[in-house]
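> My structure is below; once you've seen it, I'll send some questions.
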Amino acid sequence: MIMKNYTSNLRYDIPAGIVVFFVAVPLCLGIALASGAPLFSGVIAGIVGGIVVGALSGSQLGVSGPAAGLAVIVFTAIQDLDTFEIFLLAVVIAGVFQIILGILKAGIIGYYFPSAVIKGMLAAIGIIIFLKQIPHAFGYDADFEGDFGFVQADGYNTFTELGHMLGFISPGATLIATVSLVILIIWEQPFMKRQKVTQIIQGPLVAVGTGMFLTVLLSDSSNWAISAEHTVNLPVSDGFAGFLTQFTLPDFSAITNPAVWMVGATIAVVASLETLLSVEATDKLDPQKRITPTNRELFAQGVGNALSGLIGGLPVTQVIVRSSANIQTGGKTKVSAIFHGIVLLVSVMVIPRVLNLIPLASLAAILLVVGYKLAKPVLFKEMWKAGYVQFIPFLVTVLGIVFTDLLIGISLGMAVGVFFILYENFNHSYFVRQREEGEMTIIELSEHVTFLNKASIMKMLDKIEPGHPVTINASKCVFMHPDVHEIISDFMASEKHKGDAIRYIVPETRINKTQL
Numbered sequence: 000m001i002m003k004n005y006t007s008n009l010r011y012d013i014p015a016g017i018v019v020f021f022v023a024v025p026l027c028l029g030i031a032l033a034s035g036a037p038l039f040s041g042v043i044a045g046i047v048g049g050i051v052v053g054a055l056s057g058s059q060l061g062v063s064g065p066a067a068g069l070a071v072i073v074f075t076a077i078q079d080l081d082t083f084e085i086f087l088l089a090v091v092i093a094g095v096f097q098i099i100l101g102i103l104k105a106g107i108i109g110y111y112f113p114s115a116v117i118k119g120m121l122a123a124i125g126i127i128i129f130l131k132q133i134p135h136a137f138g139y140d141a142d143f144e145g146d147f148g149f150v151q152a153d154g155y156n157t158f159t160e161l162g163h164m165l166g167f168i169s170p171g172a173t174l175i176a177t178v179s180l181v182i183l184i185i186w187e188q189p190f191m192k193r194q195k196v197t198q199i200i201q202g203p204l205v206a207v208g209t210g211m212f213l214t215v216l217l218s219d220s221s222n223w224a225i226s227a228e229h230t231v232n233l234p235v236s237d238g239f240a241g242f243l244t245q246f247t248l249p250d251f252s253a254i255t256n257p258a259v260w261m262v263g264a265t266i267a268v269v270a271s272l273e274t275l276l277s278v279e280a281t282d283k284l285d286p287q288k289r290i291t292p293t294n295r296e297l298f299a300q301g302v303g304n305a306l307s308g309l310i311g312g313l314p315v316t317q318v319i320v321r322s323s324a325n326i327q328t329g330g331k332t333k334v335s336a337i338f339h340g341i342v343l344l345v346s347v348m349v350i351p352r353v354l355n356l357i358p359l360a361s362l363a364a365i366l367l368v369v370g371y372k373l374a375k376p377v378l379f380k381e382m383w384k385a386g387y388v389q390f391i392p393f394l395v396t397v398l399g400i401v402f403t404d405l406l407i408g409i410s411l412g413m414a415v416g417v418f419f420i421l422y423e424n425f426n427h428s429y430f431v432r433q434r435e436e437g438e439m440t441i442i443e444l445s446e447h448v449t450f451l452n453k454a455s456i457m458k459m460l461d462k463i464e465p466g467h468p469v470t471i472n473a474s475k476c477v478f479m480h481p482d483v484h485e486i487i488s489d490f491m492a493s494e495k496h497k498g499d500a501i502r503y504i505v506p507e508t509r510i511n512k513t514q515l
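Numbering-wise (numbering that gives the first Met the number 0), the sequence shown opens with residue 0 and increments by one.
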């Protein structure tokens, strides 16, 4: 049944896998460049993330590969550990740590990210993708593909880059980006979707093919030619033997170095968090609303990182840019992710020179569409209508990620989300009502009364005037924190209410009385 599901969806998964491949190539190279690592290490991570992690993962639409969020950590680690080979050992150790996390079922952490924060993350990544690709669409490629930080490696930030690029516009790249974008927009129109050819050939494939054709066509023009820095730049090797020489083995002699283990642990934690965030986001984008087993995902990522480190690759995580591109181009099962890895492997072995004709402007057009779909204005309207409890954490997450980075933005959104949880908990831990004559105040406690409710209950009890009869009804409590019970006991024993008619009703059977 499972195999039938995969084979029956090949007509969707194969084209989607090819599009993901086109998106992944410059990202793998750009992240390797930013990490201070050999370019081929990014390609290795993309291959391992696609084939190995894709096969082991329970995610049907998630795509794994090198992540921009780890670039700074990798760059610093390579410098601190002196050699790239010692760093690779840290990647292997990170993979082992992740395998252990998966076995220990640490993936449950992923279920605690609020929906508003995950939606904010998707919208923020969409905005960043859109803004970051505008310079590439105009032929200004000083900032590497895959840089999602606010402060960029080229010294500018996401917004100042848009002004700076105006002095470096390439007419040829602008033409290619415009033509590619027009093709993509036309392919999205209802009348085109009804055509059989558009159901077989995806718009991004046509856009990239057209971009390559224009690159060759314009090559003899002095003003419109696309120079090498504006195209994909895969390492080119001489034959299969040359291809094999690009792989690197880790230096196991540094296994006793504590710094290596510290770097490995850091990569494992950050990569696991980024993966779990991406899993939650990808599941929300999945039209079929499938749920990814997060413990299995951590295990798969661990195996992928261990293997990537063993053969000279960067650390991998599940990444939302490639995953969302997979979903938006019609991917249905994990075959698309695996196929993108296979195409990447075969391409760098056989046709690297052909791939180096792909203009970054065409890929920028594809990512502009991906970014827009992730951050559609309708999403902001929906979150606004959901109320401030949803909208404010959503907006804080968006702004936090756009103006800092992914993990800081998520942390800010989580902090605001927790604040609203505490605020609601503060206001809904009990219900107060009075008899018609106003002679008695009846306080009914909710099923779960935690230490977070201490402040609100203390405030409410302090308002009760001396001599006023009170009934505190805890009969519905399933759990009461000892601190809350102590507050009630102190209230009953206080000098202020000595001799008052205070009744305290505790549950008979549903709760251990030692808790009260």
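Glycine included, C-beta positions come from ideal geometry on N, C-alpha and C.
Only a predicted model underlies this, so the values are computations on that prediction, with no experimental measurement involved.
In whole angstroms, what separates the C-alpha of residue 402 from that of residue 157?
Straight-line Cα distance between these residues: approximately 8 Å.
> For residue 63, which of helix, strand or coil comes out of DSSP?
DSSP places residue 63 in strand when its eight states are reduced to three.
> Which same chain residues, not among the five before or five after residue 397, have their C-beta less than 6 Å away from its C-beta?
Correct list, in chain order: 119, 122 and 123.
> Using three-state DSSP, classify residue 528 as helix, strand or coil.
This structure leaves residue 528 out entirely; the chain is present only between 0 and 515.
> Name the DSSP beta bridge partners of residue 310, please?
DSSP lists no partner for residue 310.
> Is it true that the CB of residue 214 sits closer than 8 Å to the CB of residue 225?
Yes, these two residues count as a Cβ contact at 8 Å.
> Taking the alpha-carbon positions, what's the residue 485 to residue 457 distance?
Each residue's alpha carbon lies about 11 Å from the other.
> Using three-state DSSP, classify residue 355 as helix, strand or coil.
Residue 355: coil per DSSP, three-state reduction.
> So, under 8 Å CB-CB, residue 100 and residue 368 are touching, yes? Tell me the CB distance rounded to an integer number of Å.
With 8 Å as the limit, residue 100 and residue 368 do not qualify as a contact, their Cβ atoms being about 35 Å apart.
> What are the complete beta strand (DSSP E) segments, minimum 3 residues, inside the stretch 237-306?
Within the stretch 237-306, no complete beta strand (DSSP E) run reaches 3 residues.
> Using a Cβ-Cβ cutoff of less than 6 Å, which residues in the same chain neighbour residue 348 once the five nearest sequence positions on both sides are dropped?
Excluding positions up to five away in sequence, the list reads 242.
> Nearest to residue 115 by alpha carbon, out of 440, 378 and 499?
Nearest C-alpha to residue 115: 378.
> Please return the same chain residues whose Cβ sits closer than 6 Å to the Cβ of residue 42, not counting the five positions on each side in sequence.
Only 27 and 347 meet the Cβ criterion.
> Tell me whether the beta-carbon of residue 205 lies closer than 8 Å to the beta-carbon of residue 354.
Contact: no.
> Measure the C-alpha to C-alpha separation of residue 414 and residue 94 and round it to an integer number of angstroms.
Taking the straight line joining both Cα atoms gives about 29 Å.
> On the DSSP letters alone, give me the boundaries of the alpha helix (DSSP H) that residue 193 sits inside.
Note, residue 193: premise wrong, no alpha helix (DSSP H); not H, not E.
> With a threshold of 8 Å, are at least 3 pairs of Cβ atoms found where one atom belongs to the stretch 70-77 and the other to the stretch 20-36?
With a cut-off of 8 Å, the stretch 20-36 and the stretch 70-77 count as touching, because enough Cβ pairs lie within range.
> Below 7 Å CB to CB, which residues in the same chain sit around residue 390 once its five sequence neighbours on both sides are set aside?
The answer, listed in chain order, is 382 and 383.
> How about residue 448 and residue 496: are their beta carbons less than 8 Å apart?
No, the Cβ-Cβ distance between residue 448 and residue 496 is not below 8 Å.
> Where does residue 480 sit, in a helix, a strand or coil, going by DSSP?
Correct three-state label for residue 480: coil.
> Using the Cβ count rule (16 or more neighbours within 10 Å means buried), how would you classify residue 58?
Residue 58 should be labelled buried.
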